[in-house]
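Same order as they appear, the protein sequences are chains A and B.
Using my numbering, the first residue of the first sequence is number 1, and each one after it goes up by one.
Using my numbering, the first residue of the second sequence is number 1, and each one after it goes up by one.
Number of protein chains: 2
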Amino acid sequence: MKLSVKSDYAARAVLGLARHWPDVGARRAEQLAAEQGVPSNYLVQILIELKANRIVKSQRGKEGGYLLARPPAEISFGDVLRAVHGQVFDSPAIGDGQCPPELRGAWKKLQKALENTADNISFQQLLDESADKEKMYYI
Amino acid sequence: MKLSVKSDYAARAVLGLARHWPDVGARRAEQLAAEQGVPSNYLVQILIELKANRIVKSQRGKEGGYLLARPPAEISFGDVLRAVHGQVFDSPAIGDGQCPPELRGAWKKLQKALENTADNISFQQLLDESADKEKMYYI
DNA sequence: TCGCGCGTGAAATTGTCCGTCAAGAGCGAC
DNA sequence: GTCGCTCTTGACGGACAATTTCACGCGCGA
């Protein structure tokens, strides 16, 4: 029900990187953290998890930093959520044999609904939204 | 996002009570707890919250106990979830001014999806499901 | 008035989240 | 090769919520 700030931070970081796609240069973690209002030491941990799930890539050394591992259109909200938590949605009831089967079905329905929604939001869409909004201001 | 066992316990309790609707007698908390595999002292607290939200009623004294406050058809999963936690879905991002508006929109989309799904599952449906299943075994 | 079961709050325990820190390892520049 | 920059990794600790148990007061029927 209540999701952690971690997922929020992760989404912000990915969006921050997506805004520079397909820029060649990598972005430093600290810079990204400052820009998104996230404690940098914490963001680093999140970025590592994102990297383990092939959502971002990293580059060491001078001029190093992070960049997206694939185009924003191929990264969904669900991907990011699954990267930082194990799953998009989890209820102890689903794995509990004591739970009546009707209830388990209900929990799974909620799970499906959330996963489908999350998987259908790509970061490309978010970029397009902000682009549209700018255009509106422009007119 | 992992939701707590509390919501699971609450759902089980309501379903347990719904199975006896519209029986007149109240069901004792301890009996309900044993039947659903829930620590009884914890269940009592949950029942109090459910009562505060007009989902169940209580009766004191001998022959006392709990019973549904309204027909199972008028109790949704969303009602129960809102009773035990404050909201069905909450992200710190939604109330955070630092969060880019596109992201806030995305979080709200998830929120809406979950709430709609939860509100569209009534406990009457769950009762019907289990009835259907029994019928299938019967054939 | 007595017994039964609800009502309520407090305490103990546990676990997870959030954030920080420090030492290690790879890459490029010189 | 050495130096500086940056990621990498693991550990640590306080804060906070979830889970559970306990103790005692209250209301209802017999």
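Note that CB positions come from ideal geometry on N, CA and C, so glycine has one too.
Segment contact: the region 38-49 of chain B against the region 87-106 of chain B, fewer than three CB-CB distances shorter than 8 Å; contact not assigned. Listed along chain B are Leu114, Thr117, Ala118, each with a C-beta nearer than 7 Å to that of Leu110 (chain A). Boundaries of the alpha helix (DSSP H) around Gln111 (chain B): 101-119. The criterion of a C-beta distance shorter than 7 Å is satisfied by Phe77 (chain B) and Ala106 (chain A).
Under a 10 Å Cβ-count criterion, Asp8 (chain B) is classified as buried, with 16 or more other Cβ atoms of the shown protein chains found around its own Cβ. Using a Cβ distance threshold of 7 Å, Glu115 (chain B) and Val84 (chain B) do not count as a contacting pair. Contact between Ala11 (chain B) and Ile46 (chain B) does not hold, since the beta-carbon distance rounds to 10 Å and is not under 8 Å. Note on Gln98 (chain B): under 16 other CB atoms within 10 angstroms of its CB, so exposed under the neighbour-count rule. Of all C-beta pairs linking the region 15-24 of chain A to the region 61-76 of chain A, three or more are shorter than 8 Å, placing the two stretches in contact. Nearest CB-CB separation between Pro71 (chain B) and chain A: not below the 7 Å threshold. The beta carbon of Ile121 (chain B) sits closer than 7 Å to some beta carbon of chain A. Look at Gly37 (chain B): its C-beta is under 7 Å from a C-beta on chain A. Using a Cβ-Cβ cut-off of 9 Å, Ser76 (chain A) is close to nothing in chain B; its nearest Cβ partner there is about 10 Å away.
Per the C-alpha coordinates, the member of B:Pro71, B:Arg28, B:Gln36 positioned closest to Ser58 (chain B) is B:Arg28.
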